Each structure stands twice: as structure tokens, then as C-alpha cells.
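Colleague:
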Amino acid sequence: MDMLRAYLIPWAHTIFGDDEWTFQQDGAPAHKARETQNFLRDNYPDVITVDVHWRNANGEWPPNSPDLNPLDYAIWSILMEKACQKPHPNVESLKRALKKAWKEITLADLVKIVDNFPKRLQACMMPMVAILNKSSLFFVVNVGFVNLMHKLCLKS
Numbered sequence: 002m003d004m005l006r007a008y009l010i011p012w013a014h015t016i017f018g019d020d021e022w023t024f025q026q027d028g029a030p031a032h033k034a035r036e037t038q039n040f041l042r043d044n045y046p047d048v049i050t051v052d053v054h055w056r057n058a059n060g061e062w063p064p065n066s067p068d069l070n071p072l073d074y075a076i077w078s079i080l081m082e083k084a085c086q087k088p089h090p091n092v093e094s095l096k097r098a099l100k101k102a103w104k105e106i107t108l109a110d111l112v113k114i115v116d117n118f119p120k121r122l123q124a125c126m127m128p129m130v131a132i133l134n135k136s137s138l139f140f141v142v143n144v145g146f147v148n149l150m151h152k153l154c155l156k157s
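Each residue of the sequence shown is one higher than the last, beginning at 2 in this note's numbering.
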């Protein structure tokens, strides 16, 4: 929460100002905590929530969806490739290498990663379309995915 208050909110105001934007995070336990989810809903104009617990599946972000998270589908592999070329003698060495690798990621890299997102989103939708076309009786949809599609694609 301190990180969100101290860094993310000021950064978002600087970058986006009054423009519309959406905040998305992954399903890490700290991100899924009720307190965190409530804070995000209260402080961000548009947040895609995650399920706090699998028994309470009311989040908008589909669970276990690395194809829809730029950190998972791109950034982590870049960091691993750059920072893990050789074994590290200790955690501090690994941290330094990761920080260095992070700083080496260029704006062009980030643009390419973000531009890839719509293709990934479409690829995730394809199995649903195939199932629907095959037989509407067996059409199964992840509620979180439908909520996400509505939020991202059908904004009014």
C-alpha cells in the first residue's frame, strides 16, 4: 500500500493527468489482498480487480492469465536473459544484475511489448469463438474474462 501511495499515484498523475487509463495487476497474494483491492477501487479511476479468493470469484481479471500480463509474457524473460547469463554468488549480485537489466529495457522495447497486447487478447478469445461456433450447448466462458472484455472493449 505504501508503494502505491508513494510511487504509483504520483507517477500516474504525472503521466496521465486527467486522461483515461486503466490499472491492471497480477494475482500475487499481496495484490489480491482485500485491503489492496479496496484501496485500488477507492483511488484509481479504472481498476481491473482480481479475485481475492477462488471461492469468491468476483474479480474482473481472469486467473492464471500470463498471456494478458506484459510482465509475464515479455518483461520477466528479458530480465532473465540479461541478468541470469551467469550464476550469481549471492542474492545481492542477482539484485544488482536485475536492476541493471531493468534499466536497459528501452522505450522501443516497451512499445513493442504493449503493441503485442491486442494480438494476445484476440488469441485468448479465439478458443471461446471456436467453442461457440462448434456448439452453443457447450459454450463455457470464464466470467472474469467476460468482465475484462466488457471493461476493455465496451467502454462507454
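Using N, Cα and C, we set each Cβ at its ideal position, and we do this for glycine too.
All values derive from a computational prediction rather than experimental measurement.
With 16 other CB atoms within 10 Å as the buried threshold, where does Ala7 fall?
Modeller: exposed
Colleague: Cα separation between Lys33 and Gln25?
Modeller: 12 Å
Colleague: Can you list the alpha helix (DSSP H) stretches of 4 or more residues lying completely in the region 69 to 126, in chain order?
Modeller: 77 to 84, 92 to 105 and 108 to 116
Colleague: Between Asp43, Asn70 and Ser78, which lies nearest to Lys120 when the distance is taken from Cα to Cα?
Modeller: Asn70
Colleague: I need the straight-line Cα distance from Thr37 to Met2, nearest angstrom please.
Modeller: 7 Å
Colleague: What residues match up with Phe24 in a beta bridge as DSSP calls it?
Modeller: Val48
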